[in-house]
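Right, one structure below, let's go through it.
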Amino acid sequence: MPIILKKNFGSIIKTTVLVGFLLGAITSINGQDLKRIDGSKITSSALTQKIDELMLAANVSGVSVSIFNNRKTVYSKTFGYANVPEKIPLTKNSELYAASFAKTVFAYIAAQLQQERLFDLDTPLVKYLERDLTDYDIKGWNRGYKDLKGDERYKKITARMCLTHTTGFPNWRWFESDKKLKFKFDPGTRYNYSGEGLYLLQFVIEQLTSKDYETICKERVFKPLGMEGTSMLWQKSFENQICYGHNDKGMPYELMKWKEASCAGSMTTTPDDFNKFFTALINDKGLKKKTFDLMVSKQISIRSMSQFGPLSLVDSTTNDQIELGYGLGLGVFKTPFGKAFFKEGHDDGWGHYSVYFPDKRIGIVIMTNNDNGESIFKDLLEYAIADTFTPWKWENYIPYYQR
2 MPIILKKNFG SIIKTTVLVG FLLGAITSIN GQDLKRIDGS KITSSALTQK IDELMLAANV
62 SGVSVSIFNN RKTVYSKTFG YANVPEKIPL TKNSELYAAS FAKTVFAYIA AQLQQERLFD
122 LDTPLVKYLE RDLTDYDIKG WNRGYKDLKG DERYKKITAR MCLTHTTGFP NWRWFESDKK
182 LKFKFDPGTR YNYSGEGLYL LQFVIEQLTS KDYETICKER VFKPLGMEGT SMLWQKSFEN
242 QICYGHNDKG MPYELMKWKE ASCAGSMTTT PDDFNKFFTA LINDKGLKKK TFDLMVSKQI
302 SIRSMSQFGP LSLVDSTTND QIELGYGLGL GVFKTPFGKA FFKEGHDDGW GHYSVYFPDK
362 RIGIVIMTNN DNGESIFKDL LEYAIADTFT PWKWENYIPY YQR
């Protein structure tokens with residue numbers, strides 16, 4: 002557990018931002034004009050100042066921001082602290098919990114395997130298993146699929162449903178009152194964000210390849226891209242560069258040390274490593290163009306008022322203008338400047354967001370280690386790349402000045 006000092010944590014965070022500004026300036030890409038999707042430009046120094054101001058105003062512990070122009074990194078800086086009480090700076094090599102950024106890696110791997118015809122997107126996944134899904138004895142946190150006995154709707158689930166969050170499963174079974182896996186909707190009928198659905202596809206892929214998911218990630222992503230500080234399992238080496246998630250007062254949460262690989266959220270990575278992956282993704286590395294285009298093409302429309310919570314069950318026309326939907330493992334929407342794809346990551350103490358506009362070849366990756374982090378996303382996206390289209394209300398990225 003981290004040492005928690007008895008201080009005014011709001012003051013600590015504000016001091017953090019000032020120090021982070023200086024640290025960021027050391028590693029800045031000086032004199033670089035940054036292109037925005039509307040054709041305008043800003044300077045890297047102006048963006049640095051804006052991030053500094055937002056962090057101060059919202060009391061954010063640490064932030065990593067990378068801007069991509071012409072499919073390459075043109076701005077990449079870290080600000081603030083990896084550990085507020087101990088005043089350890091956040092750097093490009095700090096080990097952050099990636100949360101659902103892990104799902105982007107899985108989408109990329111699944112696209113490769115589908116491209117290699119390991120599985121078909123629309124073939125029921127049970128067709129690839131040697132015995133009935135509910136008969137597999139899976140140990141650990143997942144607990145297998147015995148809960149589904151008697152409800153044969155699981156026999157309809159396909160890889161496309163898993164990747165588009167339309168399996169009908171809840172996000173996680175442990176959020177249910179009885180902690181059991183069950184269908185909330187008929188498979189294929191409605192978007193309902195589900196880590197359970199993605200994990201089912203992971204399980205099938207592991208059976209088809211006879212490899213565990215950590216090995217698959219190493220072979221297909223981490224080693225080829227030189228992501229030496231990234232793993233789906235907790236590594237002892239992470240402790241040398243560890244970054245803590247913090248609450249809104251600047252107090253660190255306990256670390257999550259994953260012992261089982263989950264495509265939906267067990268990844269630990271560094272800002273530098275994730276930039277390597279994101280660069281590979283937006284450059285179609287390891288993917289045919291038609292495969293990448295399929296990933297970022299809308300497979301299902303999303304009409305819910307919110308991605309999570311009670312409003313996720315209430316339909317609305319709020320996001321019809323941007324044609325909000327889901328591709329294969331990535332959210333998608335349309336703008337006057339072309340289509341975009343996005344993926345977020347969230348947990349206690351962590352808030353991440355990435356969005357890319359293929360037609361403009363412009364994107365951004367934001368990683369924060371504080372419960373207040375997401376409260377600066379709306380303003381940061383608008384200032385950094387002129388993105389006024391990300392559905393921030395649907396994502397619950399409520400600005401700090403509206404909370």
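Just so you know, we're using the working numbering here: the sequence shown kicks off at 2 and counts up by one.
Backbone N, C-alpha and C define an ideal beta-carbon position, used for all residues, glycine too.
None of these values were measured; they are calculated from a predicted model.
Exposed unless 16 or more other CB atoms sit within 10 angstroms - verdict on Ile27:
Only weak support is given to the placement of Ile27: the predicted model assigns it a pLDDT of 36, under 50, and the value that follows is read from those uncertain coordinates. Classification of Ile27: exposed, given that the 10 Å Cβ count is below 16.
Can you give the Cα-Cα distance for Gly25 and Phe69, rounded to whole angstroms?
The predicted model places Gly25 with a pLDDT of 44, which falls under 50 and marks its position as unreliable, so this point remains unresolved.
Leaving out five residues before and five after Asp187 in sequence, what residues of the same chain have Cβ atoms less than 7 Å from its Cβ?
Arg154, Gly169
Assigned secondary structure, Lys140 (DSSP; H/G/I helix, E/B strand, else coil)
coil
Out of Ile363, Thr271, Leu164, point me to the one whose CA is closest to Lys93's CA.
Thr271
If you measure from the CB of Leu201, is any heavy atom of the ligand MN nearer than 6 Å?
Annotation note on the ligand MN: not contained in the displayed structure, which lists no ligands.
Please report the distance separating the alpha-carbon of Asp1 from that of Asp133.
No answer is possible for residue 1: it lies beyond the span of the chain, which begins at 2 and ends at 404.
For Gln403, does the count of other Cβ atoms within 10 angstroms reach 16, so buried, or fall short, so exposed?
exposed
Taking the alpha-carbon positions, what's the Lys286 to Ser267 distance?
23 Å
Hey, Phe342 and Gly328 are a contact pair by Cβ (cut 8 Å); roughly how many whole angstroms apart?
6 Å
Run of the beta strand (DSSP E) containing Asp34, from where it starts to where it stops:
34-36
Counting Cβ pairs, one atom from each stretch, are 3 or more of them under 8 Å apart for the stretch 129-148 and the stretch 208-217?
yes
Cβ separation of Phe184 and Gly330, assumed to be a contact under 8 Å, to the nearest whole Å
Not confirmed; about 21 Å, so no contact.
Once the 5 residues before and after Ser67 are set aside, which same chain residues still bring their CB inside 6 Å of it?
Thr74, Ser77, Asn276, Val366
Residue from Lys150, Asp372, Ile399 with nearest C-alpha to Asp136
Lys150
Taking contact to mean at least 3 C-beta pairs separated by less than 8 Å, is the stretch 231-241 in contact with the stretch 252-269?
yes
Assess, as a yes-or-no matter, whether the stretch 189-204 is touched by the stretch 247-258 under the definition of 3 or more beta carbon pairs within less than 8 Å.
no
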